[in-house]
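Student:
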Ligand SMILES: Cc1ncc(COP(=O)(O)O)c(C=O)c1O
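Residue numbers (the numbering used here): 3 to 450.
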C-alpha cells in the first residue's frame, strides 16, 4: 500500500462508496452495533487505514486497542498464512494441539509473578471474563463477586453483569447474573466520595472493607474482585499509587481471588506487558484478549496453576485457541519483544501526553488528560471549575477528527481515547495531537 502524506481534510466523508456501505449495513446488519462515524474500510497497513472511497486516515484507535503491531504486520501476516496452509482447525479442547500448548506455555511465563500458571484460550475478551467468573466460583466455592463502577468486561451475560460503565449495556437485559456488587473505582478526577488523593487515604478502597464487608456482603462469601488495572471503556481511568496493591492485600485477608481484566490494557498497551505491573501486583487470574494476536480472535484466561483445579468438561470452546490465531499471537509477541514496542509505547505515549497537557492549558473543554503508555484518555468538561461532563463533545470531537483524517474513539460518558498501534512514530504522534487540537477548536468554537 502506497503511504501518502496524511491527513488531508476529507470534505467528502462519507464518500459515495461509504454511503452505499452504510445503507447496505442498515439493511442487513444488527442495529445494536455502536458505530462512531461512517468509516467503511477497504484496507489498512501499519498505522494507516484506507476507506472504500480511497481516503486515508492515521489510525489512533487500532480497532479498539487491538492492532498493536500495526495493521497487517508482515510477520503476523506470514505466520497466519503459513499456519493456514498447515492446519486451520483441530479443536484444542478435544485433542492436543501443540500450537495451543505452546501459546499457553508462553503466556504462563509472561504473566506477572513467578508462580506456575495454567491457561484457557477463548475467542474474545468476554469469553476470557466468563471463564474467570466460572473458575472463581468453582475454585472458591463462593458465589459473590465484586466489580467496579465504570467497569467494562464485555457483553455476554456474565461479562455484562460485571459491567457498569453505562446503563446502555444492561438496559432491557435483566435479570443479570446474580451475586455481583459494584463498588466505586479509584477515579480521582471525579472521586465518587468527593475527596482528593492523597488526603483521601484511599477512602474508596477502605470503604470496601469498612462499609461493604460490614453492612452488605460477608467477605467470606466473595469469590473474586474483578478489576481493570486501568479502566478502558469506562473512560481510560488510571488508579492512584497504592490502590491496586491495597486491593491485593484486601483479597489476601479474606481469601478472595483478584481477577485483573487486561483485555484492553494488556499486551504492552501501557508500556509494560501488563498494566498491573506498574504497581507490582500479581493477580490470581489474568484476562487477556484484543491485542493478543494483532486482530485475530483469541483470548486467554491465565490463572495460578493451583487455582485452575476444575475437572475435564467443566469448561472449553470449539474454536478457542485455534492454531491460526495461536500462530498470530506468537508472531505478535515476537514483534512486541523484538521490535521494542514497550519502549516505544512509553516514549510516544509521553510525547502525546505532553502535547495534550499543553493543549489542555489553552482549551476550555479539556478537564483531564491521563494515561499510561499508549492508553491515553482526554476527559471533556463544560467548564473546568464545575467539571460538568461535556457529554456530546467527545462524540463531536472524534467526528471532527475523522473528517480531518484521524481515527479516534470516545470512551466513558465524556472522554476521547488515544489507543494507537504501538508502532506509532514521533511525527505521527505529533500529527495526531495537531489534528486533535484542530478538531477540538472547531467543537469549542461551535459551542461558544
Ligand atoms: C477490559 C475489557 N474486558 C472485556 C472486553 C470484552 O472483549 P470482547 O469485546 O472481545 O468480548 C473489553 C472490550 O472492550 C474490555 O475492554
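Every residue gets a Cβ at the ideal spot worked out from N, C-alpha and C, and that includes glycine.
Would you say the beta carbon of residue 266 comes nearer than 7 angstroms to a heavy atom of ligand 1?
Tutor: Yes, the Cβ of residue 266 comes within 7 angstroms of a heavy atom of ligand 1.
Student: Quick one: any contact between the segment 262-274 and the segment 85-102, if contact means 3 or more CB pairs under 8 angstroms?
Tutor: No, the segment 262-274 is not in contact with the segment 85-102.
Student: Can residue 154 be considered in contact with ligand 1, in the sense that its beta carbon sits closer than 7 angstroms to one or more heavy atoms?
Tutor: Checking every heavy atom of ligand 1 against the Cβ of residue 154, one is found closer than 7 angstroms.
Student: Among 38, 14, 26, 407, which has the Cα closest to the Cα of residue 395?
Tutor: Answer by Cα proximity: 38.
Student: Whose C-alpha, out of 138, 160, 20, 190, is nearest the C-alpha of residue 370?
Tutor: Selected option, being the one with the closest Cα: 190.
Student: What separation, rounded to the nearest whole angstrom, lies between the Cα atoms of residue 292 and residue 134?
Tutor: Cα-Cα distance, rounded: 16 angstroms.
Student: Can you tell me whether DSSP reads residue 3 as helix, strand or coil?
Tutor: Residue placement at residue 3 cannot be trusted, given a pLDDT of 41 that sits under 50; the coordinates are not used to answer.
Student: State the beta-bridge partners of residue 383 as determined by DSSP.
Tutor: Paired residue(s): 391.
Student: Do residue 329 and residue 122 have their C-beta atoms closer together than 8 angstroms?
Tutor: Going by C-beta atoms, residue 329 is not nearer than 8 angstroms to residue 122.
Student: Is residue 284 near ligand 1, going by C-beta to nearest heavy atom under 7 angstroms?
Tutor: Incorrect: residue 284 has no Cβ contact closer than 7 angstroms to ligand 1.
Student: Straight-line CA distance for residue 164 to residue 262?
Tutor: Approximately 13 angstroms, taken between the alpha carbons.
Student: Per DSSP, residue 296 is paired with what?
Tutor: 298.
Student: Which value, in whole angstroms, describes the spacing of the CA atoms of residue 351 and residue 203?
Tutor: Looking at the two C-alpha atoms, the distance is approximately 29 angstroms.
Student: For ligand 1, any of its heavy atoms closer than 7 angstroms to the Cβ of residue 131?
Tutor: For ligand 1, at least one heavy atom lies less than 7 angstroms from the Cβ of residue 131.
Student: According to DSSP, is residue 18 helix, strand or coil?
Tutor: Here residue 18 sits in helix by DSSP.
Student: In its own chain, which residues sit with a C-beta less than 7 angstroms from the C-beta of residue 250, not counting the 5 before and 5 after it?
Tutor: Here the set comprises 260, 283.
Student: Quick check on this structure: which residue in 341, 362, 232 has the alpha carbon closest to the alpha carbon of residue 380?
Tutor: When only C-alpha atoms are compared, the closest one is 362.
Student: Which of helix, strand or coil does DSSP assign to residue 319?
Tutor: Residue 319: coil per DSSP, three-state reduction.
Student: Just confirm the distance between the C-beta atoms of residue 161 and residue 150, as a whole number of angstroms; I'd bet it's less than 8 angstroms.
Tutor: With 8 angstroms as the limit, residue 161 and residue 150 do not qualify as a contact, their Cβ atoms being about 14 angstroms apart.
Student: Hey, would you say residue 294 sits closer than 8 angstroms to residue 304, going by beta carbons?
Tutor: No.
Student: Please report the distance separating the alpha-carbon of residue 388 from that of residue 16.
Tutor: Taking the straight line joining both Cα atoms gives about 36 angstroms.
Student: From residue 48 to residue 168, what does the alpha carbon distance come to, in whole angstroms?
Tutor: In a straight line, the C-alpha of residue 48 is about 32 angstroms away from that of residue 168.
Student: Tell me whether residue 393 is buried or exposed, calling it buried when 16 or more other Cβ atoms sit within 10 Å of its Cβ.
Tutor: The residue in question, residue 393, is exposed, as its Cβ has fewer than 16 Cβ neighbours within 10 Å.
Student: Around the C-beta of residue 145, are 16 or more other C-beta atoms found within 10 angstroms, so that it is buried, or is it exposed?
Tutor: Result: exposed.
Student: Alpha carbon to alpha carbon, how far is residue 35 from residue 417? Give it in angstroms, no decimals.
Tutor: Using only the alpha carbons, I get a separation of about 19 angstroms.
Student: Residue 229 lies in the beta strand (DSSP E); which residues open and close that run?
Tutor: Taken as a continuous stretch (DSSP letters only), the beta strand (DSSP E) holding residue 229 covers 224-229.
Student: Report the residue from 442, 423, 437 whose alpha carbon sits nearest the alpha carbon of residue 366.
Tutor: Residue 442 is the option with its Cα nearest to residue 366.
Student: Check for me: the beta strand (DSSP E) holding residue 185 runs from which residue to which?
Tutor: Here the beta strand (DSSP E) through residue 185 covers 182-185.
Student: Report the three-state DSSP secondary structure of residue 96 (helix, strand or coil).
Tutor: Three-state DSSP puts residue 96 in coil, outside helix and strand.
Student: Tell me whether the beta-carbon of residue 296 lies closer than 8 angstroms to the beta-carbon of residue 78.
Tutor: Taking 8 angstroms as the Cβ cut-off, residue 296 and residue 78 qualify as a contacting pair.
Student: With a Cβ-Cβ cutoff of 8 angstroms, do residue 437 and residue 407 count as a contact?
Tutor: In contact: residue 437 and residue 407 (Cβ atoms closer than 8 angstroms).
Student: Quick check: the Cα distance between residue 451 and residue 58, rounded to an integer number of angstroms?
Tutor: Because residue 451 is not part of the residues shown, which for the chain are 3 to 450, the question remains open.
Student: Please tell me whether, using a cut-off of 7 angstroms, the distance from the CB of residue 66 to the nearest non-hydrogen atom of ligand 1 is below it.
Tutor: Yes, since a heavy atom of ligand 1 falls inside the 7 angstroms radius drawn around the Cβ of residue 66.
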